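One structure is given here, and the rest of the page talks about it.
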Amino acid sequence: MHRSLMQRDLVLGIPSMGMLILLLLGVFTMYILKQYYFGVIIAALYIAMRIMTKKDPYLIDILIEHVNQKDYLVP
Numbered sequence: 000m001h002r003s004l005m006q007r008d009l010v011l012g013i014p015s016m017g018m019l020i021l022l023l024l025g026v027f028t029m030y031i032l033k034q035y036y037f038g039v040i041i042a043a044l045y046i047a048m049r050i051m052t053k054k055d056p057y058l059i060d061i062l063i064e065h066v067n068q069k070d071y072l073v074p
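Now the structure itself:
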C-alpha cells in the first residue's frame, strides 16, 4: 500500500472534528458575542492542535472521545 492511501484526511492540518469545534467556537465568540480579541486565542489553539496532530494524527479524536466518555468509577 502506498503511504498516501493510508494517511488520514485532515482539514488544514487538523482532524475535521477539531476544525469544526474551532470554527463553531470562533463564530460564537467573535460574531455573536462580539469578542474579537478571541481570534488570537483561536489562532493559538489552531497552532497547538496542528503541532499535536503532526506527531499523532489521532490525538485530537482520542481527546474528544475521552471528554465525551462517561465516568463509571465515580459513584
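Numbering (numbering that gives the first Met the number 0), first residue to last: 0 to 74. Just so you know, even glycine gets a beta-carbon here, dropped at the ideal spot from N, CA and C. Model, not experiment: these values are computed from the prediction.
> Is the segment 55-66 touching the segment 8-19, taking contact as three or more C-beta pairs under 8 Å?
Replying inline: Judged by pairs of C-beta atoms under 8 Å, the segment 55-66 touches the segment 8-19, as three or more such pairs exist.
>> Between which residues of its own chain and residue 28 is the CB-CB distance below 6 Å, once the five residues before and five after are set aside?
In response: Locating residue 28 in the sequence shown gives position 29, counting from the first residue. Within the same chain, Cβ atoms closer than 6 Å to the Cβ of residue 28 are found at 34, 37, the five residues on either side in sequence being excluded.
> Skipping 5 residues on each side, what residues in its chain have a beta carbon closer than 8 Å to that of residue 18?
Replying inline: The count along the sequence shown starts at 1 and reaches residue 18 at position 19. So the qualifying residues of the chain are 10, 11.
>> On the criterion of 16 or more Cβ atoms from any shown chain inside 10 Å, does residue 77 qualify as buried, or is it exposed?
In response: Residue numbering for the chain in the displayed model covers 0 to 74; residue 77 lies beyond these limits and cannot be assessed.
> With a Cβ-Cβ cutoff of 7 Å, do residue 56 and residue 2 count as a contact?
Replying inline: Position 57 of the sequence shown holds residue 56. Position 3 of the sequence shown holds residue 2. Here residue 56 is not near residue 2, since their CB atoms are 7 Å or more apart.
>> Could you check whether residue 25 and residue 41 sit closer than 7 Å to each other, using their CB atoms as the reference points?
In response: One-based indexing of the sequence shown puts residue 41 at position 42. One-based indexing of the sequence shown puts residue 25 at position 26. For residue 41 and residue 25, yes; Cβs fall inside 7 Å.
>> Run through the DSSP bridge pairs and tell me what residue 10 is partnered with.
In response: For the purposes of this step, residue 10 is taken as residue 11 along the sequence shown, with counting starting at 1. Under DSSP, the beta-bridge partners assigned to residue 10 are 13.
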